[in-house]
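Reading through the structure tokens given below for one structure.
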Amino acid sequence: MEIAQNILLTIATAATPLLIAAIGELIVERSGVLNLGVEGMMVIGAVCGFAAAILTGNAWIGVAAGIAGGALLSLLFGFLTLSLATNQVATGLSLTLLGIGLSGLIGEGFVGKAGVRLPTLDIPVLTDIPLVGRLIFGQDPIFYMSIALTAGVMWFLFRTRAGLTLRSIGDNHKSAHALGIPVIRYRYLAVMFGGACAGLAGAHLSIVYTPQWVENMTAGRGWIALALVVFGSWRPWRVLAGAYLFGAVTIGQLHAQALGFGIPSQLLSSLPYLATIVVLVLISRDRRLTTMNTPASLGQPFVPDR
Amino acid sequence: MKKLVLGLASALAIMVATSASAQDKYKACFIYLGPKTDGGWTQAHDIGRQYVEEKLGDKVETAYLENVPEGPDSQRAIERFARSGCGIIFTTSFGYMDPTLAVAEKFPDVKFEHATGFKTAPNVTTYNSRFYQGRYIIGKIAGKMSKTGVAGYIASFPIPEVVMGINGFLLGARSVNPDFKLKVVWVNTWHDAGKEADAAKALIDQGVDIITQHTDSAAPMQIAEERGIHAFGQAFDQIEAGPNAQLTAIMDTWGPYYVKKIQAAMDGTWKGGEQSWDGLAEGILAMAPYTNMPDDVKAMAEDTEAKIESGELHPFTGPVNKQDGTVWLKEGEVSDDGTLLGMDFYVEGVDDKLPQ
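Chains A and B supply the protein sequences, listed in that same order.
Using numbering that gives the first Met the number 0, the letters of the first sequence map in sequence onto residues 0 to 305.
Using numbering that gives the first Met the number 0, the letters of the second sequence map in sequence onto residues 0 to 355.
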């Protein structure tokens, strides 16, 4: 039954970057800002993380650099959409293009180099427990960070005053402004948190998942993360479930192919996306579920009247 | 009106300027599928382009466009090159086939070379490399090296080129181990390191102890290294990603071909409608050093390479059955190139259903 644990480990590795990026975007969208540049910030996180890890020989510095890279790029998005009140959709899309181009430029000297891998956790005795040992006690540190991040965001949003304030800004920024809440400041912090998470997700790709740098290595994962936020109807634990469902179907279809069931591979490859659509349809049937959680001022620029 | 005249005059001046510089230098252009530093397919072509600059020096000017998606979108990119004074345009991926032909029809004076396709025109040739020769060699190595007798094959898209590679690999493996089995996983992408790594993990979890791939990144090689099994490099020597895992690699060496064809285009001896399909003998592909294997396996691989190079051995020689058990090649019969280039069936022993 060792194979079951191996499959679960592979699923966890595939789901972790999606989960981290989606949780970051969830906070951004809860504050009422739509940042479509997740893919761009993620790929910048991947290249910064990889480069820093190679130059210093320390994977942890790479992780920090990935987070910083993503946050820095998101700051640009924040300046444009929050301070200059540009269109969020257009700015987000161009952020992705910028991120992909810029990462190619930064990464040019690092192609084909062997990367530095973040060591996995290894606790004597506990990690060696059959079936579940490596799953619970033997994964990479970023996996544990992703779970802690989900729990932390849940607690922050629904158990703290700042979380309540953030949600109220996302629902009605004019009222929040009238109450004297610093809307723009909150949003800047939310956008940067989202950027940092996307950067961390990218660093996971280039330091844990496949320790190497190739251009466009995020290969659309940023877009999936964006979809997962809607899929999870802006609720952290549902986003987690979505990320793992997506990961499970992705890995499951590869195993189904290797077993040779004779199901057309094109159909199998599209299964993760089909599963996402089916769940979205099921969720949308209950209007309360979707409308209640959607931040009402999502994507609307806010200019405080002076 | 004055403005219009001025505009026309300046446009004319620009045209004269470009045509003058075009006369000095011959312009050779390349359309790339991926980034030029992808560590695989596209990088191999770009090294070929750099080889051209090195060999032909001042006589030629090269240009390239990266990340051009396959299909109708690529037509604009190719057309842009055709308008910008390129004398010869190399379109370096299978999916550029119809767009290349469409642009070629509009620009009869521009020469086009399409990689791995099968359609030509008076000003379009195709060129390809007999990758299956390398695949046969690595198949033989796998047959000797695998303890489980099962190899995993990470495949991109079910086009003839890829199917031919799978068949060549299996025939090689079965020539030394008649019970050899092959598991195939289609990832439906050329370039997604994460997905390729996932496929490698899935295959290893299901008991394969040798991995080979027809996708572009070095991720499967890394996974093989991590899990302590063997793998083969793709398009490129990937020894850095797998110092203990790589047995050898099939390396694409396009440079000499590009030099030959650009020189022919400059000399006026270039002919359209041709289909070039070179192999190990002509040096369009080469094997990376054989490593991480016992001496007898190495000797066998070198011997096979020499025999293919001399023409003594053709990987697709009968008796070979199709997957359903019907006879494809009779004893001693050698497949013709047409069948290989349009290959849409598996040979006996592939544990997969070919996607249609």
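The C-beta atom is built at its ideal place from N, Cα and C for all residues, glycine as well.
- Query: How would you list, in chain order, the residues of chain A whose beta-carbon sits under 9 Å from the beta-carbon of E239(B)?
  - Reply: G111, K112, A113
* Cβ-based burial, L227(A) [other Cβ within 10 Å; buried from 16] -> buried
query: Does M144(A) have its Cβ less than 7 Å from a Cβ in chain B?
result: no
| query | Which one or two residues does DSSP pair with L328(B) in a beta bridge? | reply | V319(B)
* To do: Name, in chain order, the residues that DSSP records as bridge partners for H113(B).
  => T90(B), T125(B)
Residue environment, A197(A), which counts as buried when at least 16 other CB atoms sit within 10 Å: buried
Practice problem: Indicate whether at least one CB of chain A lies closer than 7 Å to the CB of P107(B). | Solution: no
Between S155(B) and chain A, is there a C-beta pair that is closer than 7 Å? no
Report task. Would you verify that the beta carbon of N243(B) is, or is not, closer than 7 Å to some beta carbon of chain A? Result -> no
- Pick helix, strand or coil for E60(B), following the three-state DSSP scheme. strand
Quiz item: Closer than 7 Å, CB to CB, is G261(A) near chain B or not?
Solution: yes
task = Using a Cβ-Cβ cut-off of 7 Å, state whether Q256(A) counts as contacting chain B.
result = yes
Q.
Just to make sure I have the definition right: I need the residues of chain B whose C-beta is within less than 7 Å of the C-beta of S93(A). Which are they?
A. Here the premise fails: no neighbours, minimum Cβ distance about 17 Å.
Considering only residues of the segment 40-125 of chain A, which uninterrupted alpha helix (DSSP H) runs meet the minimum length of 4 residues and lie entirely inside it, listed in chain order? 58-77, 87-106
Practice task
Could you please give the first and the last residue of the uninterrupted alpha helix (DSSP H) stretch that includes K35(B)?
Solution key: Premise fails: K35(B) is in no alpha helix (DSSP H) and is neither H nor E.
### Query
Using CA coordinates, which residue listed in M265(B), S92(B), L169(B), P34(B) is at the minimum distance from Q322(B)?
L169(B)
> What residues match up with T211(B) in a beta bridge as DSSP calls it?
Replying inline: Y152(B)
Might you give, ordered along the chain, the residues of its own chain that have their beta carbon closer than 6 Å to the beta carbon of S102(A), omitting 5 neighbours on each side?
V42, I43, V46
Exercise. Would you mind listing the alpha helix (DSSP H) stretches within the segment 161-245 of chain A that are 4+ residues and don't spill past its ends, in chain order?
Key: 172-177, 182-203, 220-230
Against chain B, which members of the segment 214-245 of chain A pass a CB distance test of less than 9 Å? E214, N215, M216, T217, A218, G219, R220
Original post:
Applying a beta-carbon distance threshold of less than 9 Å, which residues of chain A neighbour Q205(B)?
Top reply: I2, H254, A257, L258
* Would you check if the distance between the CB atom of G241(B) and the CB atom of E224(B) is smaller than 7 Å? => yes
- Query: Out of curiosity, what's the CA-to-CA distance linking L130(A) and P140(A)?
  - Reply: 20 Å
Under 7 Å from the C-beta of G44(A): neighbouring residues of chain B: Residues of chain B passing the Cβ test: none, with the nearest at roughly 14 Å.
Please name the residue in S30(A), P181(A), G201(A) whose C-alpha comes closest to that of S145(A).
G201(A)
Q. Are at least three pairs of beta-carbons, each pair with one atom in the segment 38-57 of chain B and one in the segment 76-88 of chain B, less than 8 Å apart?
A. no
- Task: With a threshold of 16 other CB atoms inside 10 Å of the CB of K200(B), please say whether the residue is buried or exposed.
- Result: buried
Notebook entry, point to check: How is the beta strand (DSSP E) around K26(B) delimited, first residue to last?
Noted result: 25-30
Residue-level contact to chain B via CB, Y208(A), 7 Å cutoff | yes
- Message: Quick check: the Cα distance between D251(B) and G267(B), rounded to an integer number of angstroms?
- Response: 27 Å
- Query: Within 10 angstroms of its Cβ, does Q265(A) collect 16 or more other Cβ (buried), or is it exposed?
  - Reply: exposed
| field | Outcome for G337(B) when other beta-carbon atoms lying within 10 angstroms are tallied against a minimum of 16 | value | exposed
Exercise for review: For chain B, find out if any of its Cβ atoms is closer than 7 Å to the Cβ of T9(A); answer yes or no.
Suggested key: yes
Exercise for the section: Could you work out which residue in A198(B), E304(B), V123(B), V149(B) is closest to P177(B) when comparing CA atoms only? Expected result: V149(B)
Practice problem: Alpha carbon to alpha carbon, how far is E195(B) from A13(A)? Give it in angstroms, no decimals. | Solution: 12 Å
- Using the beta-carbon of each residue, which ones in chain B are nearer than 8 Å to G61(A)? Simply none; closest approach about 16 Å.
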